[in-house]
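In this note's numbering, the protein residues as written are 7 to 109. Okay, so here's the structure we're looking at.
Put into structure tokens, the structure is as follows:
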């Protein structure tokens with residue numbers, strides 16, 4: 007999809023801040039500002055309890071990484087429990103006019 011090294015690094019690191027104790031500052035120190043900013047942009051914000059928990063995507067590069075991540079997850083979700091699959095598919099329908107459609 008791309009040979010942009012910052013996008014590729016951000017793709018590998020995209021869950022680092024939300025899934026580990028690693029901070030934005032540590033990513034900035036180890037890589038560079040563009041990678042750290044992309045990872046931060048891809049980090050989920052909000053409240054899990056309300057269901058409003060999603061990254062605030064602002065740039066084309068972050069959207070590319072998020073779509074690649076979503077496609078990767080969709081392509082290997084066969085082994086997930088059925089309710090996880092339903093939830094993920096529902097979350098993936100953000101561009102469909104009626105998100106309750108199944109398919």
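Cβ coordinates follow ideal geometry from the N, Cα and C atoms, glycine included.
Assign residue i to buried or exposed, taking buried as 16 or more other Cβ atoms, counted over all protein chains shown, within 10 Å of its Cβ.
i, result
"residue 93", "exposed"
"residue 11", "exposed"
"residue 20", "buried"
"residue 22", "buried"
"residue 18", "exposed"
"residue 61", "buried"
Could you work out which residue in the options is closest to residue i when comparing CA atoms only?
i, options, result
"residue 16", "95, 82, 37, 87", "37"
"residue 29", "67, 13, 46, 18", "46"
"residue 14", "31, 40, 83, 88", "40"
"residue 63", "43, 79, 82, 77", "43"
"residue 78", "98, 32, 34", "98"
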